[in-house]
Structures are given as C-alpha cells and as structure tokens.
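One structure is given below, encoded as structure tokens.
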Amino acid sequence: MIKNTFTRKKFFAINPNMDHSQTPIKPNLSSTCPSCSARVSEETLAENYRVCAKCKHHFTMSAGQRIELIVDSGSFQEFNGGLASINILDFPGYEEKLEKAEQKSGLREAIITGYASIGGYDIVLAVMESDFMMASMGSVVGEKVSRAIERAIERRCPVIICTSSGGARMQEGMIALMQMAKTSAAVNKLNEAGLLYIAILTNPTTGGVSASFASLADIIIAEPGALVGFAGPRVIKQTIGQQLPEKFQRSEFLLEHGMIDIIVERSQIREKLTCLLSLHKGGCRG
Amino acid sequence: MIKNTFTRKKFFAINPNMDHSQTPIKPNLSSTCPSCSARVSEETLAENYRVCAKCKHHFTMSAGQRIELIVDSGSFQEFNGGLASINILDFPGYEEKLEKAEQKSGLREAIITGYASIGGYDIVLAVMESDFMMASMGSVVGEKVSRAIERAIERRCPVIICTSSGGARMQEGMIALMQMAKTSAAVNKLNEAGLLYIAILTNPTTGGVSASFASLADIIIAEPGALVGFAGPRVIKQTIGQQLPEKFQRSEFLLEHGMIDIIVERSQIREKLTCLLSLHKGGCRG
Amino acid sequence: MVKRQFDYEQKLKDLKAKLEELNDLSKNMQFDLSSEIEILEHKIQEDRELRYQNLVPWEKVLLSRHPERPGAVDYIAALCDEWIELQGDRCFGEDAAMIAGIGSFEGQALTILSYRKGKNTKENLQYNFGMPHPEGYRKIQRLLRQAEKFNRPVLTFIDTPGAYPGIGAEERGQAWAISQVLMTMAGLRVPVLAIVTGEGGSGGALALAVSDRLLMLANAVFAVASPEACASILWKDLERVEEMAQAMKITAQDLYELGIVDEIIAEPVGGAHLDYEATIASIKDAIRKHLPVIVGCDRDELLARRYEKLRSIGKFKTDE
Amino acid sequence: MVKRQFDYEQKLKDLKAKLEELNDLSKNMQFDLSSEIEILEHKIQEDRELRYQNLVPWEKVLLSRHPERPGAVDYIAALCDEWIELQGDRCFGEDAAMIAGIGSFEGQALTILSYRKGKNTKENLQYNFGMPHPEGYRKIQRLLRQAEKFNRPVLTFIDTPGAYPGIGAEERGQAWAISQVLMTMAGLRVPVLAIVTGEGGSGGALALAVSDRLLMLANAVFAVASPEACASILWKDLERVEEMAQAMKITAQDLYELGIVDEIIAEPVGGAHLDYEATIASIKDAIRKHLPVIVGCDRDELLARRYEKLRSIGKFKTDE
Ligand SMILES: [Zn+2]
Ligand SMILES: [Zn+2]
C-alpha cells in the first residue's frame, strides 16, 4: 500500500511542473448558496464537505478536494500526470482554451489518475475536474481512464472513478467521440478480469462520459442532486418544446428510474466505499 | 431426415394405442366466427388454415392440425408419446379430469413432441394442445419439453415449440410449478449448446408457460391476435378494478411493447420457419 | 365460514385472562385454587404445543402471512455485519417490492436477494405488498450476473403473494422478466441458497427459489397459486379454501416429502413472529450448515447437481 | 446565409434547360450552334465531376442528409437473398428508428443492425427521423448477444442524427443503453463490419460503429456532434456552421487520414441518391473484400486487434 508519500494537504503535487495545492482555496471568503441563497463562508463550506448546511446543496468540489475527501490521508500517488492535450485537428482557438483551462483549474487536463487506498484497501482512482473545460473528454481523458483501468488489471485492484463532464470535447472531433468506445472497451477488459469498478457520479455528468464508462460500473453511486444524463436539459427542452419535470435527470430521479444503485452524501462516502471494498475483499474475484 | 413414414393425413398415429387422426375433424359442418360473426363452413376453414376469410380471426387449431400446418408432409415422428399423468398429490377429481381431457382431445397429454423436418431441415418439434385441460403444464408437459430439448442437443438440431397454455396445472401443485424451473434449465442447456430455439406463441399462452420456456426462445413468433401474458386478463381486471386497454396482451400489443420478434400468419408460417432455419444453416452454431 | 385470521393466540390470551380473574376472585373469597390453576395452566401450555404441532395447512397459510412475521429486512439486519443495498434494473425503474444487495454473513460476502413486505399499511403500499413488477425481476437478474462476476454466493429469501398482476407489469413483460431469472439461476456459476420464510406464491415466487438448496421455515407455505385462487378457479367456491389448502400440499412438511424442499427450519412455538431471535438463530444455523457445503463444491459439479435436481422433479407413468 | 440544401444538381438542370432553349432558338433562326453547344455540354460535365471532387464538408453534410439517399432498407433489400426482421428489446418496446434482423449475403448469414430513416414525412415520423430511444439500443444489445450465440458475423449501417433527446429517452436510460452497446461490441466474439452510409451523429451513432472494420461512403460524414450544435455551443453562432463543418474534420477523407475509418467506398458522381444501383454495387464490393478477412480471422486475434485499434485512437503529448 502506498502511504504517507505526501502530507494530507499536498497529496497531488506529483507533477513537479505544477503545484495543484494552490488551486482549491478560493480567495473570496463567502459564497451565496445557489439553491437556498444562504450566505456561507468558505471555511464553513470546507468543514462541511462543501455542502450547504441549510439546504444540503452540494457545491462543486475540485478534483483535489475530492481526492482528499475519499482516500486515506496521504495515500494518493498520481500517475500519468504529464499527459496533456494537443490540437490534433488544428481547431481554431483550442490551444487558448486549453491554456485558460489550465490556469483556471491548476491542472494539465480534466482528470487526475493515480493509486490510493481507502480504508486500507488499495485502489486505482480517477477524478474528473469540471473546472477544466467542463471536464469534456478528449484524447487525454480517454487515455488516462484507459490506462488507469489497465493499471488496475495489472495490480488486480478495484477502480473508482469520480465523474463529472459536459461530454465529448468538440475541439477534438471524432477522436474525442471515439474515446467513448475506447474507455468502454477498457471497462470490458476490467469485467473479464473480474475486478470491481465503482463510479461516483457528480454534478454534472452528461454526454459522452455518461454514455460510456460512467454508466458501466458494477456499482453506481451518485451525489445528491447531481445532474446525470445523455442529452443536456437545454437540448431536450429545445427539441420537445416543453418544460422539463422537476428533478428531471437528478440523482433522486435516476434512483427512482433504476439507473443508479445508491445516493451517498459526501460525509458518508468514504465509509460507504470502505464497506463496498471490504465486501469485495478489496475488489478481486473471490 | 425422417420422411414419408406416414401419409400426410395420418402423420400423428405414432402411439399405436391412440389414433389421433379421428380428432381434428369436427362433426358440425359450420361455425360462427367469434370475432365477426360470419358463418364459416368447416371445409372452408380447413382450406384457409382455420382462419376466418372475412376478418382474419384465427380459430383454434388442434395440435395435430398444427403439426400438419408446419412440417414437411409425413415427416413427423412422435417420441415420448406414452408419457401420461398420474395423480401425484391424490388431488380430488384429477383422474376424472385427465380422462375427460383425453376423450376431448384424443391425446394422452397436453403436448405432442417428436422429430420432423421443415423445408428439409431436421428439427425437434413440440406442440401444445389446448383441448387437453387448457394445455396446463404438469409433470408430463415439463418432462416432454425437457426431453425434447435434450434430444435436440443430442442431434444438434433446432427446437420449435408451439405454445398455448392456461398456466401451471394446479392439480399437481408445486410439482407443476417446478416444471417452470425445469424447462427453463433445459433451455439454458440448449443455449450453451448454441442451438436455435423458435417459439410460436398461439392463443392463449399464459401463466407458468409464458413465464418459462415460451418467452425464452431465441426467436419469438406469435400468431395474429394471440393472447399472451403472465396474469390472465380476468385476474388483472379484478386486481386493478378497471377496464383493460383494447388489444391488451394480444400479439400486436406485445410486438409494440418489444416482447416478440414477429407476427406471422398461418399461411406464411412454414415459409418463415424455412427461411429462419436456412439462415441458421439448420440451427447449429456456425 | 372461512377462517381469515389465525386467532389461537388471542383466544389463549382471553383464556389466561379469565384464569387470572378466577384466581383473583378465589383469593378474595379466601378459596385456595392455586394448585388447580397451576394444573390448568400446565394443560393450556401442553395444548398450545400440541396445537402448533397439528396446524392444518390453511392455518399455516394464515401464519405465513402474519403481518408481524419477520421479513427480509429483519433477516438481513440480523445476519449481516456489513450490508449495502443496491437498487435499480438499469432499464426502467427501482422496484421496492424486492430488496437486494451485498451483505457479509460471518465473514462470507453474499449477494442477498429477496421480496420485501411491509409491516403496516404505509409500508405495504410502498412495497406493493411484496408483489414485484418486471423491474424487480430485472434488478435481480442484474445482480445475479454481478454475483457471478465476483464469484459471490447468492442467498435468497422468499415471501411474496406473487408477481403483481397489473397493466404496466404486463406491458413491460412480467412473463419475460421472470423466465429470464429462472433460466439465469438454473445456470448461474455460483452457489445459491434459497429460504422460503413466509408465503411463496406462484411463478413470481419461484424466480428466487431455483437453487442448490431450498430450505423452508416450518410454518411457511409454497404453492403453485394461492389456495383462494385455486378454490375459485377449480371449484368455483371460495368457501372451500381450507380444503384446497390441504389438497394442494403446500406446507414445508408436504414439500419435504415431495422432495422439493431440502430441509425444514424449525420455528418457535406459536410462529416466527412471536420470537424473532429464536427464528433468526434457526436461520443462522441453517445457513451455517448448508452454505459451506455448496460453497466448497466444485462449480461444474454444483451446476450438474442443480440441473439434475430440477430435472428430476415430476412424476408420471409411461405406457409405450 | 448558410446553405440549407445542396442544390447544384438543380442549378445544373436549369443550365441544361437554358442550353436546350438556346439550341432550339438557334435552329429556328437557322444558326448552327451544335458544335459550340457540344463543347459547352462537355464543359458542364467536366465541371460537374470537378465540383463533386471538391465538395466542401458542409456540402457533404447536406448530401449525407439528402432525403432520397439510400437507407438501411434499400441496402438490406439489395444485399440479402433471405431476410427476417427481428423486433423488440424484450423490456419495454420496439423502436422503429432501428431496423435489425438476420440476412443472407451471398450465402453468408449476417446479423444486420442499422438505424432507419424515412423518405417522406410519414415515414420520418414513424421512424423518428432515425433517432433511437433506449429501446432501440437494447434491441441491438439483445441481437448482438444472439449473433454471438450463433457465431454469426455482424454488419451495421450508420445513418442517424443521433440518439433522441427526449424525456422518455432519458427516463429510460439513454446513456446506460448506449454504453452497454459500446461495451458489448468492444468484446463481441464475432466479426463486426460497420459502414457509415449517411450522417453519423454523436454517441448515438457511435454505438453501431465499434467494429473490426469501419468503412464509409465517400459523401458520408461522422461527427462528434452536428456542426450546427458545435457552432451554436462553441461559437454561439449558427451562421458559422459551414466553417465549423470544415474545422471538425468530419468527412470520410478526413477520418481516413485520422486513422478512424479503414476505407472509403466510392459514390457515383452527384451522390448515392442519384444512382442506387452503383452505390449498392460499391457497397457489395466493399463487403466482399472485408468480410471474408475478418470472418477468417482467429477470434482471439480479432478481439485483440479490435481492442488495439480502439485503444490506439487519441493523440496527446507527454511531458514528465
Ligand atoms: Zn443552501
Ligand atoms: Zn371472422
């Protein structure tokens, strides 16, 4: 088990070129809850898993915060952190977008992958970062997910992926779309190897990611209130020309419609994951 | 291929104790169509596959007539014709019911099984007979279906079953219910052997037969207007206390709801089966 | 008049109350009836045990349907050190009439699948009286395949009046959903232990009973259809339901004799609902006895035996 | 102003009509312009061929969506000596936006799976403009497993604007249905040949494109999302759709160069809809060429190669 390689607060600084630790803490000292309009200080938010104490609204979490939330302290060891996107199609303005995304998120791409442990169980973890171009899936996301799965197969350990995505990355055209097939093929290999795959769907998970590896997990967990679906609500509203039902495509709606196994609050997630890993004896075929 | 063992009109007289050929021809010379109230002579009916020329209502067919309808002339060779029911549970009145059923249908039980060919392709065929206690499934039906499937596995040829049933035979209690599991297990073996199984659902196919081998076929054909479902319409009406939608549980309804592959009229059935057998090179795995 | 409730316990309670009154009264009047009353109490106790040893099938039907009878949730809570409920068929809906998940029983991870009944009106409505829609069976189907992927044994509890007979259920292929579960369980490459804990009604209950071992609580019943349905269909006489319950051979004892049930699990006198702890202890013992045997069995042999067991059910004559 | 229809053929027709008028007029006036007109006609013909060799991507989008373009039904009818359509997902419904069945192509039985578009308003409504609901993908899923059972190769045709974005589709798990097909096709133990015949739009189209060989008609397009959607989302400007179509690299030629498409199938000059026979002949040739190779390939090797092909798609830099 990889442990204590980093201090709790700096677990992600694997790539020496990039110090992720600067990004999560935002300068503004208080925010307005988008759901109940309560004022909440960043400090209170941080203490409360970035959940509004009043209405349970789940604020966005950075990938770094999420890793800290779920893994054993200091156990995260990033791999493939150096993979970065290139402008394959010479798509106008893509380089600039990538640069901005890097600045905004402090990451090289929309996903972080690595080894970690949860409750003492070794796992491979991938966490998407919506601050990076809405965590759209291009070559790098597809490649890092596939490599993460392949590493889990090598080590015979479970895979946990925290998803959030606006879909395929249009700037990479069909190359981006094909990442759906590539990651689905990788999940198929994981299944053949009899290894556990848990997906944690967070707000929002749509498009190509929802219709590939996100919905192929053995066990699908969703955060309360997360929007998950193939088509975005705006597209649907435009197509059908009518209002959408309340809670449409939200976790609670998905649970009712049989699409997910369980809704877990952030405060419970590490415990639930530990329980699942324990029930799967770490994740391998009995 | 087994051929010309019998003349076309006497294909079923395998069991020397029983001359089935007497039964199909009914004494009354004309009937009233239950759907459009037209008067139809038995002769016209016989010429027209027992389908009302006016409204396409499918009159009940005896198992013997159905065998004649679908197999190559004279190719049918019955097996396990001697299997007959006993009163396992000492259920009051069961013997009398069996005797009456035998008299009414001219058969020993609610199903005939045997070898046959269709379009020159060897098959194992099972045909249920609703004149025998509404073709309810007891030990004998379950046993004959299982044996038919096992013979097909031995010979590596496809299985075709024409179903019609009121469900499990209550007089045999749990023994009857368990035939659902037994026949489903047999179909599982057939799948493992990679052999083709075609079900032809005829009016009515309900209860334990619908929820076991009838709905487990690779290709599910239904006759027009056939009632197929798990719960009978009367039970449903009682339970929910409201009228049922028109065409509820009928073939056309089932097709729309994705439960069957295709509706085939009697005049087309032999041709369609031949085509399917040809497309499956007789029915074996490529 | 058909008995709709098994009210022996109530009558007994009344009797005991009367006895108490008698005792009080006699004390007031300075009579000493204590030894007589003791004898009476002893007789009552004896009669009770005898009574429960001689329940007629219909009484067992009533007991098996007792609203306070322990259900899946009680067993899971008592059996599992760890438990995670998993939901949904990934197609259409989550069916609360079935409960499914992964639990750990004394260190052994199990996929546990069951019907779920309520203990009060609100729960009954929520769980649809334990009558599943196709979504329930498709959830089971999904989790059976998951159990197979992880080579995890399956434990099922059976307690349902049957699959729900409704329009939506038929529209979405109740028959198709059930048959898939039957076929999947027949060929499932992990050990399956099934326990009938309450009423097992029709094909909808059979779906979870295809197994390597089928056990049954002493007062549980398992029937091709409810005695009510059989009486009304076969005899057109709902009043003869007690007689029908007898004729159908639906008790654990009958089914053990018929070779369908492998073992009967004892219940406390008066029925499982009077003593959850004792019932759960019996069930635990039964699992401890049977699970290791099937878990230890070679998979090919296990499947061959499961097929042989199913294949051999049925009695008939052959005259060729 | 964005071009909404590819009207070159209409303009050509107008031009030819004018030429005819000119000819008639000159004859009336006793001029002999026949040699000049012949030269003109020849030039027009040359120009036409050149024009079609130099279509811009947006023009190909318009051609690929041409209402008279041959569709799945045309190909199946022309290819198959025998054909049986199979319907239904066995769960919820039959989706007419997809057509599926078993056909025989020159003696080889195939499971054929495709989207289905209409050629007129009535058909378009009936087939939902070729946009499937989850039921469509679940029908495909079922028939993929069936193909595997019978070791029967799979042929797919791709021509769809994408999966339908509607309430019911989301309620019943569009994303779940599509991902299952993607995963199943990635690991399917039979050869899969896929042909993009019209427009391939988004993940809803990708579902049938996971294959051992991906072929594409010369005027077909395949895109991560429609150029309209991309222009409106990325550039907030629907007027720039032609430019977007160019930037996205969606033509057969682009995708061949990117290594996603294995071969381009030639179309008759003017597009497939002008000459069904020639189009079908090209498609037949392509199937004759590719199918035997993948059918003859060892299954394990086929699957390893399929994975390798998918796995290798993607370009990025590494700086560690
Ligand atoms: Zn709030
Ligand atoms: Zn008529």
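Taken in order, these protein sequences are the chains called X, S, C and B.
Following this note's numbering, the numbering of the first sequence begins with 1 at its first residue and continues without gaps.
Following this note's numbering, the numbering of the second sequence begins with 1 at its first residue and continues without gaps.
Following this note's numbering, the numbering of the third sequence begins with 1 at its first residue and continues without gaps.
Following this note's numbering, the numbering of the fourth sequence begins with 1 at its first residue and continues without gaps.
Every residue, glycine too, gets a C-beta built ideally from N, C-alpha and C.
Should the stretch 190-198 of chain C be called in touch with the stretch 152-165 of chain C, which here means at least 3 C-beta pairs below 8 Å?
A contact exists between the stretch 190-198 of chain C and the stretch 152-165 of chain C.
Got a sec: is the Cβ-Cβ distance from C:Ser-179 to anything in chain S below 8 Å?
For C:Ser-179, the answer is yes, since a Cβ of chain S falls inside 8 Å of its Cβ.
Contact the stretch 175-190 of chain B vs the stretch 199-217 of chain B: 3+ CB pairs below 8 Å
Yes, they touch.
Examine chain C for any beta-carbon lying closer than 8 Å to the beta-carbon of B:Arg-142, and answer yes or no.
Chain C contact via Cβ: absent.
Could you have a look at S:Thr-60 and say whether DSSP puts it in helix, strand or coil?
S:Thr-60 carries a coil assignment under DSSP once its states are collapsed to helix, strand and coil.
From S:Lys-182 to S:Glu-172, what distance separates their C-alpha atoms?
Spanning the two alpha carbons is a distance of roughly 15 Å.
Just to be sure I understand the criterion: a residue counts if its Cβ is closer than 6 Å to at least one heavy atom of ligand 1. Which residues meet that?
Counting only residues whose CB is nearer than 6 Å to a non-hydrogen atom of ligand 1, the list in chain order is X:Cys-33, X:Ser-35, X:Cys-36, X:Ala-38, X:Cys-52, X:Lys-54, X:Cys-55 and X:His-57.
Is the beta carbon of B:Ile-313 sitting closer than 8 Å to the one on B:Ile-265?
The answer is no: Cβ separation not under 8 Å.
Just to confirm, are X:Leu-107 and X:Ala-176 a CB contact at a threshold of 8 Å?
No, these two residues do not count as a Cβ contact at 8 Å.
Leaving out the 5 sequence neighbours to the left and right, which residues in its chain are closer than 7 Å to B:Cys-80 when beta-carbon positions are compared?
So the list reads Gly-103, Ser-104 and Phe-105, once near-sequence residues are dropped.
Where B:Tyr-307 falls: helix, strand or coil (DSSP)
DSSP, read as helix, strand or coil, puts B:Tyr-307 in helix.
Beta-carbon contacts of X:Met-133 that lie in its chain and below 7 Å, excluding the five residues immediately before and after:
The residues are Lys-97, Ala-101, Ala-110 and Arg-169.
Let's test the definition: count the other Cβ atoms within 10 Å of the Cβ of C:Val-2 and tell me whether it reaches 16, buried, or not, exposed.
If you draw a 10 Å sphere on the C-beta of C:Val-2, you find fewer than 16 other C-beta atoms in it, and that means exposed.
Provide the residue(s) that pair with X:Thr-44 in DSSP beta bridges, ordered along the chain.
According to DSSP, X:Thr-44 bridges with nothing at all.
Ends of the beta strand (DSSP E) at B:Ile-112?
Residues 108-115.
Taking Cβ positions only, does C:Phe-92 come closer than 8 Å to chain B?
It does: the Cβ of C:Phe-92 has a partner Cβ on chain B nearer than 8 Å.
Identify the continuous beta strand (DSSP E) that holds S:Tyr-197 and give its terminal residues.
S:Tyr-197 -> beta strand (DSSP E) spans 197-206.
Using a Cβ-Cβ distance under 8 Å, would S:Gln-310 count as near chain C?
In the structure as shown, chain S begins at 1 and stops at 286. Residue 310 of chain S is therefore absent and cannot be evaluated.
Hey, could you find the ends of the beta strand (DSSP E) X:Ser-31 is sitting in?
Residues 30-32.
For a test of the three-state rule: what should DSSP assign to C:Asp-47, helix, strand or coil?
In this structure, DSSP gives C:Asp-47 a helical state, which the three-state scheme calls helix.
What residues in the stretch 53-73 of chain C bring their beta carbon closer than 8 Å to a beta carbon of chain B?
For the stretch 53-73 of chain C, which is checked against every Cβ of chain B, not one residue is closer than 8 Å.
Please classify B:Glu-170 as buried or exposed, where buried requires at least 16 neighbouring CB atoms within 10 angstroms.
Under the 10 Å beta carbon count, B:Glu-170 is surrounded by 16 or more other beta carbons and is classified as buried.
Grouping DSSP H, G and I as helix and E and B as strand, with all else coil, what is S:Ile-25?
Because the pLDDT of S:Ile-25 is 48, which lies under 50, any placement of that residue in the model is unreliable, and the question is left without a value.
Measuring straight from C-alpha to C-alpha, what distance separates X:Glu-246 and C:Leu-310?
If you draw a straight line from the Cα of X:Glu-246 to the Cα of C:Leu-310, it is about 49 Å long.
Give the residues of chain B in contact with S:Met-259, contact being defined as C-beta atoms less than 8 Å apart.
Listed along chain B, the residues sitting closer than 8 Å to S:Met-259 by beta-carbon distance are Gly-88 and Arg-90.
Simplified DSSP state of S:Glu-246, which is helix, strand or coil:
In the structure shown, S:Glu-246 sits in coil (DSSP, three-state: anything other than H, G, I, E or B).
Limits of the unbroken beta strand (DSSP E) element including S:Ser-164
159-165 is the span of the beta strand (DSSP E), which, as asked, contains S:Ser-164.
Cβ contact check for the stretch 150-160 of chain S and the stretch 235-253 of chain C: 3 or more pairs under 8 Å:
Between the stretch 150-160 of chain S and the stretch 235-253 of chain C, the count of Cβ pairs shorter than 8 Å is below three; the stretches do not touch.
Short CB-CB distance (under 8 Å) between B:Thr-156 and chain X:
Not one chain X Cβ lies under 8 Å of B:Thr-156.
The beta strand (DSSP E) that contains X:Asp-122, what's its start and end?
Taken as a continuous stretch (DSSP letters only), the beta strand (DSSP E) holding X:Asp-122 covers 121-128.
Can you tell me whether X:Cys-36 is buried or exposed? The criterion is at least 16 other CB atoms within 10 Å of its CB, across all chains shown.
Label assigned to X:Cys-36: exposed.
Members of the stretch 295-308 of chain B that neighbour chain C once the beta carbon cut-off is set at 7 Å:
Going along the stretch 295-308 of chain B in chain order, one finds no residue with a Cβ nearer than 7 Å to chain C.
Going along chain C, which residues have a C-beta under 9 Å from B:Glu-235?
Just to set this straight, residue 235 of chain B is Trp in the shown sequence, not Glu. For B:Trp-235, no chain C residue has a C-beta closer than 9 Å to its own C-beta; the minimum C-beta separation is roughly 37 Å.
Interface positions of the stretch 172-206 of chain C facing chain B (Cβ-Cβ less than 7 Å), listed along the chain
If the cut-off is 7 Å between Cβ atoms, the stretch 172-206 of chain C has Arg-172, Gly-173 and Trp-176 near chain B.
Any Cβ of chain B within less than 8 Å of the Cβ of S:Cys-275?
Using a Cβ-Cβ cut-off of 8 Å, S:Cys-275 counts as an interface residue toward chain B, since at least one Cβ of chain B sits closer than that to its own.
Contacts around X:Ser-41, its chain only, beta-carbon distance under 7 Å, and the 5 residues preceding and following it disregarded:
Counting only residues of its own chain and dropping the five nearest sequence neighbours on each side, X:Ser-41 has a CB closer than 7 Å to the CB of Leu-29 and Ser-30.
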